[in-house]
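Notes follow once the structure below has been shown.
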Amino acid sequence: MKFKHLISIDDLSKKDIEYILELAEKFLPVAQGKKRTTPLEGRLLANLFFEPSTRTRMSFEVAMKRLGGDVINMTAQEASSVAKGETLADTIKVVSKYADVIVLRHPLEGAARFAAENSDVPVVNAGDGAGQHPTQTLLDLYTIKKESKLENLKIALMGDLKYSRTVHSLIKALTLFNARIYLVSPPTLALPEDFLEEIKSRVRVEEVKLEDVIEEIDVLYVTRIQKERFPDEEEYFKVAGSYKVDAGILERAKSSLIVMHPLPRVDEIDISVDRTPHAKYFQQTFYGVPVRMAILHELLLGDL
Amino acid sequence: MVACNDSTKVDKSDRLAVSKIRCGTVIDHINAGKALLVLRILGIKPGCSERVLIAMNVPSKKMGKKDIVKVEGKYISEKELDRIALISPNATINLIEEYEVSEKRRVELPPVVEGILTCPNRNCITNSREPIKSRFHVKMEGNRVKVTCHYCGKKIYEPDRYIVSR
Numbered sequence: 001m002k003f004k005h006l007i008s009i010d011d012l013s014k015k016d017i018e019y020i021l022e023l024a025e026k027f028l029p030v031a032q033g034k035k036r037t038t039p040l041e042g043r044l045l046a047n048l049f050f051e052p053s054t055r056t057r058m059s060f061e062v063a064m065k066r067l068g069g070d071v072i073n074m075t076a077q078e079a080s081s082v083a084k085g086e087t088l089a090d091t092i093k094v095v096s097k098y099a100d101v102i103v104l105r106h107p108l109e110g111a112a113r114f115a116a117e118n119s120d121v122p123v124v125n126a127g128d129g130a131g132q133h134p135t136q137t138l139l140d141l142y143t144i145k146k147e148s149k150l151e152n153l154k155i156a157l158m159g160d161l162k163y164s165r166t167v168h169s170l171i172k173a174l175t176l177f178n179a180r181i182y183l184v185s186p187p188t189l190a191l192p193e194d195f196l197e198e199i200k201s202r203v204r205v206e207e208v209k210l211e212d213v214i215e216e217i218d219v220l221y222v223t224r225i226q227k228e229r230f231p232d233e234e235e236y237f238k239v240a241g242s243y244k245v246d247a248g249i250l251e252r253a254k255s256s257l258i259v260m261h262p263l264p265r266v267d268e269i270d271i272s273v274d275r276t277p278h279a280k281y282f283q284q285t286f287y288g289v290p291v292r293m294a295i296l297h298e299l300l301l302g303d304l
Numbered sequence: 001m002v003a004c005n006d007s008t009k010v011d012k013s014d015r016l017a018v019s020k021i022r023c024g025t026v027i028d029h030i031n032a033g034k035a036l037l038v039l040r041i042l043g044i045k046p047g048c049s050e051r052v053l054i055a056m057n058v059p060s061k062k063m064g065k066k067d068i069v070k071v072e073g074k075y076i077s078e079k080e081l082d083r084i085a086l087i088s089p090n091a092t093i094n095l096i097e098e099y100e101v102s103e104k105r106r107v108e109l110p111p112v113v114e115g116i117l118t119c120p121n122r123n124c125i126t127n128s129r130e131p132i133k134s135r136f137h138v139k140m141e142g143n144r145v146k147v148t149c150h151y152c153g154k155k156i157y158e159p160d161r162y163i164v165s166r
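From first to last, the protein sequence lines stand for chains A and B. Each residue of the first sequence is one higher than the last, beginning at 1 in our numbering. Each residue of the second sequence is one higher than the last, beginning at 1 in our numbering.
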């Protein structure tokens, strides 16, 4: 498999996804610090983050360094040429001369695809506004594969299904694995109609109450209500805190059920869940490292 | 631009007659009411040098009502004409030489259009100050034209609402 950039999960076939997950599995002991390998020695990654991020930026940095590469960061927008009015196109043209791979987070949707058109080196989309965040989807899939099962999965997606790019990308990816998807959300945060129509023919999907499916699901994927995505703050306050998962409701779940969350959480998962064997969200965040190692390795060196 | 009432008249049988052009391009079977959008797609603006005849809401057996646009002295490229399919997939093109039709064809939906639609997603990179042209992928979905923004993935089912002035 060869791909030059990683912009959207839609650009990947099932075979591509499976290949990345297998590669991530090979890199897991390296990510855990149990094994050492330096295939990316002498290679440089440029983190260009035009929006704040802790987890994603750090995990790319860790992934690159665990493979022997090095990292440069552009996080303080004020300190760069961007504050002087430089376009993204120019920034990318310059940085692609310095680095071997660019990781970009940008507030505008489509920014990563545009950056790729202006770059001499591979571009990885680390989130473009409410658009795509393919490495999050891949690490979600890796977590599901590792901690549950990918094929014939029964998964409940809970929370902000309207604005969450994580949920939209994950649903699209799950259509490739014969999943059964249950949607749990306040009515105002339901999956957009046109999106639902688009996927209905490819996956079994239905809107439910969590109590009705808790006994049969393999994965409960919870999302935060993202205040920054709401065009109207009043609308946000109407739904903020409207759902919560606690250890009580999980008592009825299968012992193998896993609870996932892209983090950061606010109050949608009670800390009582952290102490149950169902909680996998911190492990999920860590799995971002081997998955990003696989992606960087593939983009920079091609097939193993 | 020459207004249509300079060169059209309704005859006794209620048929609308539009004067012939000597050479140029005739776009027929345009969905009623879309003629002005066709001019926008072709980049024909007030003050342009071409002689343009427009007939709107002309009776049509097939369509009930239709619009017609005639552009005198200009052969418009196929690529440009195919953009018309976005708003009027049944439009036909006649190339005219010495008052006779030299070539006749239907418009074909282009797979991609660049720079003629604006993305309705205000947060799309194409609506920023970056040096970028809008690009949309075009498909028929049932009997509707669906266009998808190449950059942000926004889908549009009524592309005529988003045609830019060129």
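All residues carry an ideal CB built from backbone N, CA and C; glycine is no exception. Bear in mind the structure is a predicted one, so any value in this text is a computation, not a measurement.
* DSSP on residue 143 of chain A, reduced to helix/strand/coil? -> In the first sequence, residue 143 of chain A corresponds to position 143, counting from 1. Note: residue 143 of chain A maps to helix in three-state DSSP.
* Asked: residue 56 of chain B by DSSP, collapsed to three states: which one?
  -> In the second sequence, residue 56 of chain B corresponds to position 56, counting from 1. The answer is strand: DSSP assigns residue 56 of chain B an E or B state.
* Three-way DSSP call (helix, strand, coil) for residue 127 of chain B in this model -> To locate residue 127 of chain B, count along the second sequence from 1; it is residue 127. If DSSP states are grouped into helix, strand and coil, residue 127 of chain B belongs with the helices.
* **chain B contact residues for residue 120 of chain A, given Cβ-Cβ distances below 9 Å** => The residue labelled residue 120 of chain A in the question sits at position 120 within the first sequence. The contacting residues do not exist; residue 120 of chain A stays about 17 Å from chain B at best.
* Is the beta carbon of residue 155 of chain A less than 8 Å from the beta carbon of residue 221 of chain A? -> Numbered from 1 along the first sequence, position 155 holds the residue referred to as residue 155 of chain A. Numbered from 1 along the first sequence, position 221 holds the residue referred to as residue 221 of chain A. Cβ atoms of residue 155 of chain A and residue 221 of chain A: closer than 8 Å.
* Asked: What is the rounded straight-line gap between the Cα of residue 130 of chain A and the Cα of residue 249 of chain A?
  -> Residue mapping note: residue 130 of chain A aligns to position 130 of the first sequence, counting from 1. Residue mapping note: residue 249 of chain A aligns to position 249 of the first sequence, counting from 1. One Cα belongs to residue 130 of chain A, the other to residue 249 of chain A, and the distance between them is close to 31 Å.
* Asked: Under a Cβ-count criterion, where at least 16 other Cβ atoms within 10 Å of its own Cβ denotes burial, should residue 38 of chain A be classed as buried or exposed?
  -> As a first step, residue 38 of chain A is located in the first sequence; it is residue number 38 there, counting from the start. Residue 38 of chain A should be labelled exposed.
* Asked: Assuming residue 288 of chain A and residue 135 of chain A make a contact with CB atoms under 8 Å, what is their CB distance in whole Å?
  -> Within the first sequence, residue 288 of chain A is the residue found at index 288, counting from 1. Within the first sequence, residue 135 of chain A is the residue found at index 135, counting from 1. Correct: roughly 7 Å between the Cβ atoms.
* Straight-line gap, residue 116 of chain B to residue 164 of chain B (C-alpha atoms, nearest Å) -> As a working mapping, residue 116 of chain B is identified with position 116 in the second sequence. As a working mapping, residue 164 of chain B is identified with position 164 in the second sequence. Approximately 6 Å between the Cα atoms of the pair.
* When the cut-off is 8 Å and only beta carbons count, does residue 151 of chain B lie next to chain A? -> Here residue 151 of chain B refers to the residue found at position 151 when the second sequence is read from its first residue. Judged by the 8 Å Cβ criterion, residue 151 of chain B is in contact with chain A.
* With 16 other CB atoms within 10 Å as the buried threshold, where does residue 179 of chain A fall? -> Residue numbering aside, residue 179 of chain A sits at position 179 when the first sequence is read from its first letter. Per the 10 Å Cβ criterion, buried.
* So what does DSSP say about residue 97 of chain A, is it helix, strand or coil? -> Taking the first sequence and counting its residues from 1, the one referred to as residue 97 of chain A is at position 97. In the structure shown, residue 97 of chain A sits in a helix (DSSP, three-state: H, G or I).
* Top-ranked residue by Cα proximity to residue 146 of chain B, from A/194, A/3 and A/240 -> Here residue 146 of chain B is taken as the residue at index 146 of the second sequence, counted from 1. Checking every option, the nearest Cα to that of residue 146 of chain B belongs to A/194.
* As assigned by DSSP and simplified to three states, the class of residue 36 of chain A -> Within the first sequence, the letter at position 36 stands for residue 36 of chain A. Correct three-state label for residue 36 of chain A: coil.
* To do: Spatial neighbours of residue 133 of chain A within its chain, please: CB distance less than 6 Å, with the 5 preceding and 5 following residues excluded, ordered by chain position.
  => Translated into the one-based positions of the first sequence, residue 133 of chain A becomes position 133. 127 and 165, listed in sequence order.
* Asked: Taking the C-alpha atoms as reference points, what is the distance between residue 242 of chain A and residue 187 of chain A?
  -> Residue mapping note: residue 242 of chain A aligns to position 242 of the first sequence, counting from 1. Residue mapping note: residue 187 of chain A aligns to position 187 of the first sequence, counting from 1. Their backbone Cα atoms lie some 11 Å apart in a straight line.
* Is residue 159 of chain B helix, strand or coil by DSSP? -> For this step, residue 159 of chain B is matched to residue 159 along the second sequence. Residue state, collapsed to three classes: helix.
* Top-ranked residue by Cα proximity to residue 297 of chain A, from A/119, A/29, A/63 and A/18 -> Against the first sequence, residue 297 of chain A aligns to sequence position 297. Checking every option, the nearest Cα to that of residue 297 of chain A belongs to A/63.
* Could you please tell me which residues of the region 110 to 137 of chain B, in chain order, have their CB closer than 9 Å to any CB of chain A? => 119, 121, 123, 124, 125, 126, 127, 128, 129, 130, 131 and 132
* **Alpha-carbon to alpha-carbon, residue 92 of chain B and residue 65 of chain B** => Translated into the one-based positions of the second sequence, residue 65 of chain B becomes position 65. Translated into the one-based positions of the second sequence, residue 92 of chain B becomes position 92. So the alpha carbons of these two residues sit roughly 15 Å apart.
* So residue 11 of chain A and residue 3 of chain A are in contact, right, with Cβ under 8 Å, and what is the actual spacing, rounded? -> As a first step, residue 11 of chain A is located in the first sequence; it is residue number 11 there, counting from the start. As a first step, residue 3 of chain A is located in the first sequence; it is residue number 3 there, counting from the start. That pair is a contact at about 7 Å.
* Asked: Among A/99, A/205 and A/182, which residue has its Cα nearest to the Cα of residue 212 of chain A?
  -> For the purposes of this step, residue 212 of chain A is identified with residue 212 of the first sequence, where counting begins at 1. Here the closest residue by C-alpha is A/182.
* Asked: Excluding five sequence neighbours on each side, which residues of the same chain lie with their C-beta closer than 7 Å to the C-beta of residue 227 of chain A?
  -> Working through the first sequence from its first residue, we reach residue 227 of chain A at position 227. 236, listed in sequence order.
* To do: For residue 54 of chain A, I'd like the list of residues in its chain whose CB is within less than 6 Å of its CB, leaving aside the five on either flank, ordered along the chain.
  => The sequence position of residue 54 of chain A within the first sequence is 54, counting from 1. Correct list: empty, nothing qualifies.
* In this structure, what does DSSP give as the bridge partners for residue 182 of chain A? -> Translated into the one-based positions of the first sequence, residue 182 of chain A becomes position 182. Residue 182 of chain A is bridged to A/156 and A/206.
* Quick one, which of A/206, A/61 and A/31 has its alpha-carbon nearest residue 45 of chain A's? -> Against the first sequence, residue 45 of chain A aligns to sequence position 45. Taking only the C-alpha atoms, the option nearest residue 45 of chain A is A/61.
* To do: If I'm right that residue 124 of chain B touches residue 108 of chain A with Cβ under 8 Å, what's the distance once you round it to whole angstroms?
  => By one-based count along the second sequence, residue 124 of chain B stands at place 124. By one-based count along the first sequence, residue 108 of chain A stands at place 108. About 7 Å; that satisfies the 8 Å criterion.
* Helix or strand or just coil, what does DSSP make of residue 275 of chain A? -> By 1-based counting over the first sequence, the position of residue 275 of chain A is 275. Reduced to three states, the DSSP call for residue 275 of chain A is helix.
* Alpha carbon to alpha carbon, how far is residue 118 of chain B from residue 90 of chain B? -> Taking the second sequence and counting its residues from 1, one reaches residue 118 of chain B at position 118. Taking the second sequence and counting its residues from 1, one reaches residue 90 of chain B at position 90. Near 23 Å, if we compare the C-alpha coordinates of residue 90 of chain B and residue 118 of chain B.
* **Separation of residue 61 of chain B from residue 31 of chain B, as counted between CA atoms** => For the purposes of this step, residue 31 of chain B is taken as residue 31 along the second sequence, with counting starting at 1. For the purposes of this step, residue 61 of chain B is taken as residue 61 along the second sequence, with counting starting at 1. Straight-line Cα distance between these residues: approximately 13 Å.
* Please classify residue 127 of chain B: is it buried, with 16 or more other beta-carbons within 10 angstroms of its beta-carbon, or exposed? => What you label residue 127 of chain B is simply residue 127 of the second sequence in a count that begins at 1. Classification for residue 127 of chain B: buried.
* Asked: Count the other CB atoms within 10 Å of the CB of residue 35 of chain B; is the residue buried (16 or more) or exposed (fewer)?
  -> Residue numbering aside, residue 35 of chain B sits at position 35 when the second sequence is read from its first letter. By the 10 Å Cβ count, residue 35 of chain B comes out buried.
* **Cα-Cα separation, residue 81 of chain B to residue 81 of chain A** => What you label residue 81 of chain B is simply residue 81 of the second sequence in a count that begins at 1. What you label residue 81 of chain A is simply residue 81 of the first sequence in a count that begins at 1. Looking at the two C-alpha atoms, the distance is approximately 42 Å.
* **Residues that DSSP places opposite residue 140 of chain B in a beta bridge** => By 1-based counting over the second sequence, the position of residue 140 of chain B is 140. DSSP output for residue 140 of chain B lists B/145 as bridge partner(s).
* To do: May I have the straight-line CA-CA distance separating residue 138 of chain B from residue 83 of chain B, to the nearest angstrom?
  => In the second sequence, counting from the first residue as 1, residue 138 of chain B sits at position 138. In the second sequence, counting from the first residue as 1, residue 83 of chain B sits at position 83. Looking at the two C-alpha atoms, the distance is approximately 10 Å.
* Asked: Under the three-state reduction of DSSP, which class applies to residue 102 of chain B: helix, strand or coil?
  -> Here residue 102 of chain B refers to the residue found at position 102 when the second sequence is read from its first residue. Here residue 102 of chain B sits in strand by DSSP.
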